[in-house]
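Enquirer: Sharing a structure below in structure tokens format, with a few things to ask.
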């Protein structure tokens, strides 16, 4: 999945083309998303390093020079949420969630605002005999009844965090660029 994409393209030139990174992930290719509708911030990218810590890969945000911006070896997965917001998942991936199967378990996680440097911790799945964060399988995707979501005209993106067998927290990035959340019973 990550072979041969260990560089970024900026102004039609390859940058950071070296063996420090296993993978480089940025905004979608211009031909797939010419308007950058998800508002991926300019001048940064997501990388997976060619090293591990605690049995998991290490991911980080980097600038155009390759400088690590978060510099936290606990972060194993980074997903762009919307605008300046990213989902940071920490530690070794446990596997697919129990309910629903379209979710993934990690020891910990947060939503991070790149510009303000604010971090919003994700709630743990309850009840559980060990702390873990169970996240939905994709931004803007859920198997729950879509009628339980806010009106689409009020937000740019949403992300589900499963907090119990019949409860989820839905995090929204509003049209104004703010992070808000609703507790939803399934």
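Residue numbers (this note's numbering): 2 to 187. Don't be surprised by glycine CBs; every beta carbon is placed ideally from N, CA and C.
(1) Quick check: the Cα distance between residue 51 and residue 25, rounded to an integer number of angstroms?
(2) Could you give the distance in angstroms between the alpha-carbon of residue 37 and the alpha-carbon of residue 140?
(3) Give the C-beta separation of residue 144 and residue 160 to the nearest angstrom, bearing in mind that I take them to be a contact with Cβ-Cβ under 8 Å.
(4) Between the alpha carbons of residue 179 and residue 79, how many angstroms are there, rounded?
(5) Measure the alpha-carbon distance for residue 22 versus residue 93 and round it to whole angstroms.
(6) Exposed or buried, residue 183, counting other C-beta atoms within 10 Å across all chains shown (16 or more means buried)?
(7) What separation, rounded to the nearest whole angstrom, lies between the Cα atoms of residue 153 and residue 87?
(8) Tell me the start and end of each unbroken beta strand (DSSP E) in the segment 130-178 that is at least 3 residues and wholly inside, in chain order.
(9) From 49, 27, 41 and 115, pick the residue whose C-alpha is nearest to that of residue 1; which is it?
(10) Kindly list the residues whose CB is nearer than 8 Å to the CB of residue 4, restricted to its own chain and excluding five residues on each side of it in sequence; keep chain order.
(11) With distances taken from CA atoms, which of 74, 122, 115 and 71 is nearest residue 170?
(12) Can you give me the C-alpha to C-alpha distance between residue 47 and residue 187, rounded to a whole angstrom?
Expert: Let me spell this out:
(1) 11 Å
(2) 15 Å
(3) At roughly 14 Å, the Cβ-Cβ gap does not stay under 8 Å, so residue 144 and residue 160 are not in contact.
(4) 19 Å
(5) 19 Å
(6) exposed
(7) Those two C-alpha atoms are separated by around 20 Å.
(8) 134-137, 156-165 and 168-175
(9) Examination of residue 1 is not possible in this model, given that the chain is present from 2 through 187 alone.
(10) Low confidence applies here, because residue 4 scores a pLDDT of 40, under 50, leaving its location unreliable; read the following figure in that light. Hits under 8 Å: none found.
(11) 122
(12) 33 Å
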